[in-house]
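Each residue of the sequence shown is one higher than the one before, starting from 7 at the first, in our numbering.
The beta carbon of each residue, even a glycine, is placed where N, CA and C say it ideally should be.
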Amino acid sequence: MAVPWLQQRAGISITGDGADSHDDFKPVHKGDAGVSVQEHIERDVKENPVLIYMKGVPDAPQCGFSAMVVHILDEYGVRYKTRNVLSDPELRNAIKEYSNWPTIPQVYVNGEFVGGSDILISMHRSGELKTLLKDVKNIR
């Protein structure tokens with residue numbers, strides 16, 4: 007939601023389509039007329055072997071939990087896609103409904119919800135995450 011007086015006072019312009027933004031900051035469902043956010047999430051989860059819904063982007067996580075998830079997955083050398091839930095409040099709420107999980111980040115592997123940072127840390131320590139990721143085809 008644009009605040010005209012703030013834009014004018016700060017000397018900034020905000021475009022609603024995200025055309026001048028990095029892909030991670032663009033709303034993921036814009037331009038998909040007729041496709042619900044839930045349908046977009048469903049497609050995203052199915053199409054990406056490893057997917058993180060996080061706060062921020064991998065190079066600049068906006069919370070320690072998101073940073074930890076990125077760090078752990080980077081240790082395994084897998085490629086992953088991310089979606090920045092801070093760029094779209096509708097997406098942030100929809101992903102919580104989709105997974106029935108109240109917190110961000112959320113990690114999906116091969117179309118299945120794995121969990122958040124606490125679960126990923128636990129799986130990493132136990133060796134379970136290594137087993138799960140060995141079948142992922144997109145190793146760096």
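Same chain, Cβ closer than 7 Å to residue i, five either side skipped, listed in chain order
| i | result |
| --- | --- |
| Tyr104 | Gln44 and Ile47 |
| Val75 | Ile58, Met60, Pro111, Val113, Ser123 and Leu126 |
| Ala73 | Pro67 |
Coarse secondary structure for residue i, derived from DSSP in three states
| i | result |
| --- | --- |
| Thr137 | helix |
| Lys52 | helix |
| Gly70 | helix |
| Tyr86 | coil |
| Ile125 | helix |
Length of the line joining the Cα atoms of residue i and residue j
| i | j | result |
| --- | --- | --- |
| Met129 | Glu81 | 13 Å |
| Phe71 | Lys136 | 19 Å |
| Pro108 | Met60 | 13 Å |
| Ile78 | Gln68 | 16 Å |
| Val56 | Arg85 | 7 Å |
| Lys87 | Ile58 | 6 Å |
| Glu134 | Asp50 | 24 Å |
| Asn94 | Arg131 | Note that residue 94 is Asp in the sequence shown here, rather than Asn. Rounded to whole angstroms, Asp94 to Arg131 spans 32 Å at the Cα level. |
C-beta atoms of residue i and residue j nearer than 7 Å
| i | j | result |
| --- | --- | --- |
| Val142 | Leu126 | no |
| Val115 | Leu138 | yes |
| Gly121 | Lys52 | no |
Close beta carbons around residue i, own chain, < 8 Å, minus the five adjacent residues each side
| i | result |
| --- | --- |
| Leu92 | Lys61, Gly62, Gln68 and Arg98 |
Close Cβ partners of residue i (< 6 Å) along its chain, the five nearest in sequence each way excluded
| i | result |
| --- | --- |
| Asn54 | Lys87 |
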